[in-house]
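Under my numbering, the first residue of the sequence shown is numbered 52, with each subsequent residue one higher.
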Amino acid sequence: MRRVGGPLAIGRRGGRLLSRLAAGFLLLGLLLPLITACSAVRDSIGGLLGGSSGVLRLSGVEPDTLDPAVAQDVVSWTYLLQIYSGLVRLDDKLQVVPDLAQSWTVSPDRRTYTFTLRSDARFQDGRPITAEDVKYSLERALDPATRSPVARTYLGDIVGAVDRLRGTASSVAGITVVDARTVRITIDAPKSYFLAKLTYPTAFVVDRRNVAAGPDWFRHPNASGRFTLKSWTPGQEIVLTHNPGYWGQPSGPSEIDFYFGPDSPLSLYEQNKLDVATVGVGDVPRLTDPSSPYHDQLVVTPMMTLWYIGFNTKQKPFDDPRVRLAFAYATNKKALANGLFRGTRTVAQGILPPGLAGYDAGFTGVPFDPTRARALLAQSSYHSAANLPPITLSVSAGSGPLGEAFARMYEETLGVHIAVEELENTFFDDLAAHRLQMYYLGWSADYPDPQDFLDILFSGQSDANYSGYDDPTVNRLLATAATEASMDRRIALYREVQRKVIEDAPVIPVVFDTEYTLVRPTVHGLTITPLGIVSFDGVRVGT
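Right, here's the structure in full:
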């Protein structure tokens, strides 16, 4: 679950929904960047930034944690995907491919996965990674003492996972060590997306002895992934270098430097202090101009990221579906996309973004219709804007101007006054506790399956269903889609869910994201996927 604040991967707790991711994925302000949010390079290290020695320089954001069991945002993803490995991973084409597992088999009933680990899989210190390490890592994430906010979402399909989360079992029944190189995982029902869930950091492998070193163990992790954490200087930088124990051959930059600070990525890029920089909304028109010296260095990536207005359906006045639908008809998405976002975002009529299985280009959603919006408000149990209780739109840090734009729009179209609160530190905690009445949030795909949006955000049983929406028809359709073997039939079911959700309006989809990233000509082979996953494998920095 990557709540976001800026799509590829970095907005301060950027959505721990977007979030990842995300994060979270879920959710910083929309103006935060892709591979970076604001950052700076200290003048004192200027001499180290030559850029031709195999060092890749990126701006970054300091993560709250590098513990893969508890991370849920796009900021953490940036580093976790490099430092740790799981049984499987997503490649640049968003296909599930082997990682620590060299192969796997699936039982005829599609419920049991048997993984064979690589014989050369090792931690950073050289110790072999075994099936016991896999079992320990998964069970640690599900241990209630770990307090993972995402373990149930991504590992809850495993038989016995919920019992472990509740503290009624000391182990997870569905995870079995067959031998040192073989681990078997059994899930509660045949679910075609389960393997993709194992690419989420919650399933990454950590070293038990490393974790036992103390609460800040992740500041000195015994890496299982392609890179190691060379250094983490608070407020300044994170430096990654190749993991000598990683099973794959060394490939890509010898070092990846992420810098934190107040200067904009674009400014640093123009000073030749960064090799890769994300572009904010305000700078896109200048850089997309063919006369710009950086025009040919601009990479445009449509993202599988949705930004939306969410309602707490358990709080007044949004317990009345007609009020929610009135707000939906009062939302001028086109004006927001062309004005506030300066044409850099795509209007979202539905929940599923372009490029994701199930996306329906012909789906028109709820059109902007102020007359219909006011009529629905009059038909509601409140009868008029004057009778509505006080309404507060909550946004995450840095998103205050965005919230004010929405408030003005609803004042003009519905005559409803909305107070805007910008929550510096408590936004995601309040969101998870269902304390927010109305909120602006982003969600970035963790894996390319419609279940990652529709089930996680709208199932009545989902921990990430922040709206509290709980519709029996939607729950039944989602349960059917989860175990359906035919992808065509699954897509039909998910499209039906999407239509029902839009009609009930627990959320209002606003825009789908597009990332604009400057990549210096000296950087070769860098791929940015629509999930915001950046693979540094094979990347070369030089002339």
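The beta-carbon is built from N, C-alpha and C at its ideal position, and this holds for glycine as well.
| request: Please specify which runs of the alpha helix (DSSP H), each continuous and at least 4 residues long, are wholly inside the region 408 to 461, giving them in chain order. | output: Runs of the alpha helix (DSSP H) inside the region 408 to 461: 421 to 430.
| query | Would a check of beta-carbon distances place Y135 closer than 7 Å to chain D? | reply | Looking for chain D here will not work: only one protein chain is present.
| message | Mapping the DSSP letters down to three states, classify T580 as helix, strand or coil. | response | DSSP places T580 outside both helix and strand once states are collapsed to three, so it counts as coil.
| field | Under the three-state DSSP convention, the category I180 falls into | value | I180 sits in coil when the DSSP states are folded into three classes, being neither helix nor strand.
| request: Would you tell me roughly how many angstroms separate the C-alpha atoms of Q512 and N526, rounded to the nearest one? | output: C-alpha separation (whole angstroms): 8 Å.
| Status (buried if at least 16 other CB within 10 Å, exposed otherwise) for E475 | Burial call: exposed.
| With C-beta atoms as the reference, is D503 less than 7 Å away from D497? | A Cβ-Cβ contact shorter than 7 Å links D503 with D497.
| query | Taking Cβ to Cβ, would you say Y545 is nearer than 7 Å to G409? | reply | It is a contact, given that the beta carbons lie within the stated cut-off.
| field | Cα-Cα separation between I332 and D588, rounded to whole angstroms | value | The displayed chain sequence assigns Val, not Ile, to residue 332. Computed Cα separation, rounded: 29 Å.
| CA nearest to the CA of N273, picked from P285, Q287, F255 | Of P285, Q287, F255, the residue nearest in Cα terms is F255.
| field | Start and end residues, beta strand (DSSP E) containing D230 | value | DSSP places D230 in the uninterrupted beta strand (DSSP E) bounded by 226 to 230.
| task | Mind reading off the beta-carbon distance from Q430 to T415? Whole number of angstroms is fine, and I expect it under 8 Å. | result | Taking the Cβ atoms as the reference, Q430 lies roughly 22 Å from T415, outside the contact range of under 8 Å.
| Does the distance from the C-beta atom of G211 to that of A192 stay below 7 Å? | No, Cβ-Cβ distance for G211 and A192 is not below 7 Å.
| request: With a floor of 3 residues, list each beta strand (DSSP E) that falls wholly inside the region 118 to 155, ordered by position along the chain. | output: Taking only runs of at least 3 residues, the beta strand (DSSP E) segments lying wholly in the region 118 to 155 are 139 to 141, 147 to 149.
| said: Within 10 Å of its beta-carbon, does T356 have 16 or more other beta-carbons around it, so buried, or fewer, so exposed? | reply: Flag for T356 reads buried.
| If we ignore side chains and look at the alpha-carbon of each, how far apart do Y297 and A172 end up? | If you take the alpha carbons of Y297 and A172, they lie about 6 Å apart.
| Backbone secondary structure at F504 - three-state DSSP | It is helical.
| query | What residue does the beta strand (DSSP E) around T565 start on, and which one ends it? | reply | In this chain, the beta strand (DSSP E) harbouring T565 covers 558 to 570.
| request: Check the DSSP bridge columns for I360 and list the partner residues they point to. | output: For I360, which the question treats as bridged, DSSP gives the partners Y491, I559.
| task | Assign I402 to one of three DSSP states: helix, strand, or coil. | result | Here I402 sits in coil by DSSP.
| query | What is the DSSP secondary structure of Y545, counted as helix, strand or coil? | reply | Helix, per DSSP.
| said: Among L444, P295, S199, W494, whose alpha-carbon lies nearest the alpha-carbon of V125? | reply: Its Cα nearest to that of V125, the residue W494 stands out among L444, P295, S199, W494.
| message | Just to confirm my understanding: we take V290, look at its own chain, exclude 5 residues before and 5 after, and list those with CB closer than 6 Å. What are they? | response | In the same chain as V290, and ignoring 5 residues on each side of it, the C-beta atoms closer than 6 Å to its own belong to K281, S282, D308, in chain order.
| What does DSSP give as the partner residues of H293 in its beta bridges? | The partner list for H293 (beta bridge, DSSP) reads F278.
| said: What would DSSP say about F587, mapped onto helix, strand or coil? | reply: For F587, the three-state secondary structure derived from DSSP is coil.
| field | Rounded distance between the beta-carbons of P119 and L131, thought under 8 Å | value | Between the beta-carbon of L131 and that of P119 there is about 5 Å, and that keeps the pair under the 8 Å contact cut.
| Can you tell me the Cα-Cα spacing of S342 and R459, whole angstroms? | Approximately 36 Å, taken between the alpha carbons.
| Under three-state DSSP, which class holds S110? | Three-state result, S110: strand.
| field | Cα-Cα separation between L81 and V561, rounded to whole angstroms | value | Only weak support exists for where L81 lies, its pLDDT of 32 falling under 50; the value from the coordinates is given anyway. One C-alpha to the other measures close to 12 Å.
| field | Where R217 falls: helix, strand or coil (DSSP) | value | Looking at R217 - three-state DSSP - the assignment turns out to be helix.
| request: Could you please give the first and the last residue of the uninterrupted alpha helix (DSSP H) stretch that includes D480? | output: For D480, the enclosing alpha helix (DSSP H) begins and ends at 478 to 483.
| request: Alpha carbon to alpha carbon, how far is M538 from L427? Give it in angstroms, no decimals. | output: One alpha carbon belongs to L427, the other to M538, and they sit about 37 Å apart.
| Residue from V574, T580, A377, R591 with nearest C-alpha to N323 | Out of V574, T580, A377, R591, V574 has the C-alpha closest to the C-alpha of N323.
| message | Checking the sheet assignment: what are the DSSP bridge partners for F166? | response | Per DSSP, the beta bridge partners of F166 are W155, V234.
| Straight-line Cα distance separating A328 from I579 | One C-alpha to the other measures close to 12 Å.
| query | Just the Cα atoms here: how many angstroms apart are G576 and L249? | reply | Annotation: G576 to L249 spans about 26 Å, alpha carbon to alpha carbon.
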